[in-house]
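Residue numbers (full-length UniProt numbering), protein chains in the order written: chain A, 1 to 179; chain B, 1 to 179.
The C-beta atom is built at its ideal place from N, Cα and C for all residues, glycine as well.
Computed from a predicted model, the values in this text were never measured in an experiment.
See below for the structure under consideration.
Number of protein chains: 2
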Amino acid sequence: MRQIEISQAQLRAEQMLNSSGIELTEHEIAHIEIADFGLGQLEVQGLELITYINTDRYCAKELVLFPRQTCPEHLHPDIGDETGKMETFRCRTGIVYLYVEGEPTSEISAILPSGSEEYYTVLKEIVLHPGEQYTIEPGIKHWFQAGDDGAIVSEFSSTSRDEFDRFTDPRIQRNGGSS
Amino acid sequence: MRQIEISQAQLRAEQMLNSSGIELTEHEIAHIEIADFGLGQLEVQGLELITYINTDRYCAKELVLFPRQTCPEHLHPDIGDETGKMETFRCRTGIVYLYVEGEPTSEISAILPSGSEEYYTVLKEIVLHPGEQYTIEPGIKHWFQAGDDGAIVSEFSSTSRDEFDRFTDPRIQRNGGSS
Numbered sequence: 001m002r003q004i005e006i007s008q009a010q011l012r013a014e015q016m017l018n019s020s021g022i023e024l025t026e027h028e029i030a031h032i033e034i035a036d037f038g039l040g041q042l043e044v045q046g047l048e049l050i051t052y053i054n055t056d057r058y059c060a061k062e063l064v065l066f067p068r069q070t071c072p073e074h075l076h077p078d079i080g081d082e083t084g085k086m087e088t089f090r091c092r093t094g095i096v097y098l099y100v101e102g103e104p105t106s107e108i109s110a111i112l113p114s115g116s117e118e119y120y121t122v123l124k125e126i127v128l129h130p131g132e133q134y135t136i137e138p139g140i141k142h143w144f145q146a147g148d149d150g151a152i153v154s155e156f157s158s159t160s161r162d163e164f165d166r167f168t169d170p171r172i173q174r175n176g177g178s179s
Numbered sequence: 001m002r003q004i005e006i007s008q009a010q011l012r013a014e015q016m017l018n019s020s021g022i023e024l025t026e027h028e029i030a031h032i033e034i035a036d037f038g039l040g041q042l043e044v045q046g047l048e049l050i051t052y053i054n055t056d057r058y059c060a061k062e063l064v065l066f067p068r069q070t071c072p073e074h075l076h077p078d079i080g081d082e083t084g085k086m087e088t089f090r091c092r093t094g095i096v097y098l099y100v101e102g103e104p105t106s107e108i109s110a111i112l113p114s115g116s117e118e119y120y121t122v123l124k125e126i127v128l129h130p131g132e133q134y135t136i137e138p139g140i141k142h143w144f145q146a147g148d149d150g151a152i153v154s155e156f157s158s159t160s161r162d163e164f165d166r167f168t169d170p171r172i173q174r175n176g177g178s179s
């Protein structure tokens with residue numbers, strides 16, 4: 001990604017957080033992570049993240065999604081003797097359409113990213129409004145998309161080890177940041 | 001505590017959360033935990049809590065503090081082979097005066113609860129404004145007090161096992177809820 005694109009996305013994420021009343025330090029604002037997953041279409045498939053804390057026991061992040069922005073399908077595998085990452089998504093603002101393994105929902109609310117449809121294989125829909133949350137067990141494939149107004153999601157989880165995430169789309173290169 | 005006192009504290013906590021833009025479900029609102037630590041002076045020494053998630057790997061809570069309300073000094077011990085709870089306090093609104101073990105601050109900003117002064121023994125002060133956070137290592141004594149406008153604090157941590165918390169004040173009985 002070009003630096004100008006990163007800076008613009010950081011500014012936009014900062015403005016969304018500001019509007020929702022979530023305060024960040026100057027250092028956090030300067031380090032908002034912009035993940036385009038190497039696909040080069042940030043606004044369609046991408047994510048903005050602030051990692052508040054990531055220890056060997058727990059992790060907490062704020063995820064910002066622009067309108068209809070999608071975090072691509074992935075799972076968190078076991079790593080050696082350690083069970084894969086378990087995570088709880090709590091919607092703070094906007095609407096989040098979350099998809100996990102299970103009986104597919106007949107008409108989903110998300111719009112599959114054009115040209116990447118085949119890499120979205122789990123279609124059991126969970127809709128999260130502000131104040132609602134859902135916990136994803138380790139090893140379960142999942143992806144999510146914000147509604148038309150974007151969304152802010154708090155992620156509470158076990159330790160984050162983004163480099164081990166397994167994405168369904170083989171084109172994806174994960175350069176830091178995850179969910 | 002009398003039911004009327006619990007209900008009033010729940011309503012007050014709900015209003016503070018509403019004002020700060022933090023959304024809760026109806027179920028969460030109905031189950032806001034009110035902890036007076038058995039001391040019978042909730043507004044001086046007490047805490048209001050919403051536990052979002054508490055698994056065997058991680059925990060996330062929202063803590064509400066009324067103006068100058070104090071969470072009494074305690075620590076989280078090791079339990080069997082498991083290292084004690086580690087926790088990160090992130091101030092969302094208001095000001096939090098947090099005290100931990102270490103070189104005592106010469107003039108602290110908190111007001112020690114009258115009649116309980118002897119049970120506040122760690123006096124190294126950390127001041128948290130909105131967006132600022134601090135991580136407390138396992139086994140470290142700590143306590144905290146909100147400023148004049150109260151405070152809301154997000155707590156990210158390893159698993160919560162409140163019943164094992166060790167309070168400095170021997171009069172304290174812990175009936176659920178912690179921080």
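Under 8 angstroms by Cβ, that's how I've got residue i and residue j pegged, so tell me the actual separation to the nearest angstrom.
{"i": "I152 (chain A)", "j": "T70 (chain A)", "result": "Between T70 (chain A) and I152 (chain A) the Cβ distance is about 15 angstroms, and since that is not below 8 angstroms, they are no contact."}
{"i": "Y120 (chain B)", "j": "E73 (chain B)", "result": "5 angstroms"}
{"i": "F144 (chain B)", "j": "Y52 (chain A)", "result": "Not quite, the Cβ-Cβ distance comes to about 18 angstroms (not below 8 angstroms), so this is no contact."}
{"i": "D169 (chain A)", "j": "H76 (chain A)", "result": "Not confirmed; about 16 angstroms, so no contact."}
To the nearest angstrom, how far is it from the Cα of residue i to the Cα of residue j?
{"i": "I4 (chain B)", "j": "E48 (chain B)", "result": "15 angstroms"}
{"i": "Q15 (chain A)", "j": "I79 (chain B)", "result": "43 angstroms"}
{"i": "E137 (chain A)", "j": "G147 (chain A)", "result": "24 angstroms"}
{"i": "I95 (chain B)", "j": "I108 (chain B)", "result": "14 angstroms"}
{"i": "A30 (chain A)", "j": "E62 (chain A)", "result": "15 angstroms"}
{"i": "V127 (chain B)", "j": "S7 (chain B)", "result": "30 angstroms"}
{"i": "F89 (chain A)", "j": "I34 (chain A)", "result": "19 angstroms"}
{"i": "H129 (chain B)", "j": "S20 (chain B)", "result": "14 angstroms"}
{"i": "Y134 (chain B)", "j": "L42 (chain A)", "result": "32 angstroms"}
{"i": "T159 (chain B)", "j": "E23 (chain A)", "result": "26 angstroms"}
{"i": "V122 (chain B)", "j": "A110 (chain A)", "result": "52 angstroms"}
{"i": "Q45 (chain B)", "j": "R2 (chain B)", "result": "16 angstroms"}
{"i": "E26 (chain B)", "j": "C59 (chain B)", "result": "20 angstroms"}
{"i": "E82 (chain A)", "j": "L112 (chain B)", "result": "44 angstroms"}
{"i": "G139 (chain B)", "j": "S116 (chain B)", "result": "22 angstroms"}
{"i": "G84 (chain A)", "j": "K85 (chain B)", "result": "21 angstroms"}
{"i": "A13 (chain B)", "j": "D56 (chain A)", "result": "32 angstroms"}
{"i": "S154 (chain A)", "j": "Y97 (chain B)", "result": "24 angstroms"}
Using a beta-carbon distance below 9 angstroms, is residue i in contact with chain A?
{"i": "Y99 (chain B)", "result": "no"}
{"i": "S154 (chain B)", "result": "yes"}
{"i": "R92 (chain B)", "result": "yes"}
{"i": "A13 (chain B)", "result": "no"}
{"i": "E28 (chain B)", "result": "yes"}
{"i": "C71 (chain B)", "result": "no"}
{"i": "R57 (chain B)", "result": "yes"}
{"i": "A35 (chain B)", "result": "no"}
{"i": "T105 (chain B)", "result": "no"}
{"i": "S178 (chain B)", "result": "Here S178 (chain B) scores only 39 on pLDDT, less than 50, and its place in the model is too uncertain to base an answer on."}
Along chain A, which residues have their Cβ under 8 angstroms away from the Cβ of residue i?
{"i": "E132 (chain B)", "result": "T25"}
For residue i, I'd like the list of residues in its chain whose CB is within less than 8 angstroms of its CB, leaving aside the five on either flank, ordered along the chain.
{"i": "K124 (chain B)", "result": "Y99, V100, E101, G102, E103, P104, T105"}
{"i": "E132 (chain B)", "result": "R90, C91"}
{"i": "K141 (chain B)", "result": "E73, H74, L75, V100, E101, T121, V122, T168"}
{"i": "N18 (chain A)", "result": "none"}
{"i": "S114 (chain A)", "result": "V44"}
Who are the near neighbours of residue i in its chain, counting only those whose CB is closer than 7 angstroms to its CB and skipping five residues on each side?
{"i": "P67 (chain B)", "result": "A146, D148, D149, G150"}
{"i": "I172 (chain B)", "result": "F37, G38, L39, P72"}
{"i": "residue 260 (chain A)", "result": "Here chain A comprises residues numbered 1 to 179, so residue 260 (chain A) is not present and cannot be evaluated."}
Beta-carbon of residue i versus every beta-carbon of chain B: anything under 9 angstroms?
{"i": "S157 (chain A)", "result": "yes"}
{"i": "M16 (chain A)", "result": "no"}
{"i": "Y52 (chain A)", "result": "yes"}
{"i": "A146 (chain A)", "result": "no"}
{"i": "A110 (chain A)", "result": "no"}
{"i": "A151 (chain A)", "result": "no"}
{"i": "A9 (chain A)", "result": "no"}
Can you name the residues of chain C whose CB is closer than 9 angstroms to the CB of residue i?
{"i": "S20 (chain B)", "result": "Judged by its chain identifiers, the structure shown contains no chain C, and its protein chains are A and B."}
Using a cut-off of 7 angstroms between C-beta atoms, extract the partners of residue i located in chain B.
{"i": "R68 (chain A)", "result": "Ordered by position in chain B, no residue passes the 7 angstroms Cβ test against R68 (chain A), which lies about 21 angstroms from the chain."}
{"i": "R161 (chain A)", "result": "Simply none; closest approach about 13 angstroms."}
Cβ closer than 7 angstroms: which chain A residues qualify as neighbours of residue i?
{"i": "M1 (chain B)", "result": "Simply none; closest approach about 26 angstroms."}
{"i": "T168 (chain B)", "result": "Per Cβ cutoff of 7 angstroms: no residues; T168 (chain B) is ~25 angstroms from chain A at best."}
Check the Cβ of residue i against every Cβ in chain A and list those closer than 9 angstroms, keeping chain order.
{"i": "T121 (chain B)", "result": "Per Cβ cutoff of 9 angstroms: no residues; T121 (chain B) is ~26 angstroms from chain A at best."}
So which residues of chain B does residue i contact, with C-beta pairs closer than 8 angstroms?
{"i": "T135 (chain A)", "result": "I53, T55"}
Got a sec? Which residues, its chain only, sit under 6 angstroms from residue i by beta carbon, not counting five neighbours each side?
{"i": "N54 (chain A)", "result": "S160"}
{"i": "L65 (chain B)", "result": "A146, G150, A151"}
{"i": "E28 (chain A)", "result": "I50"}
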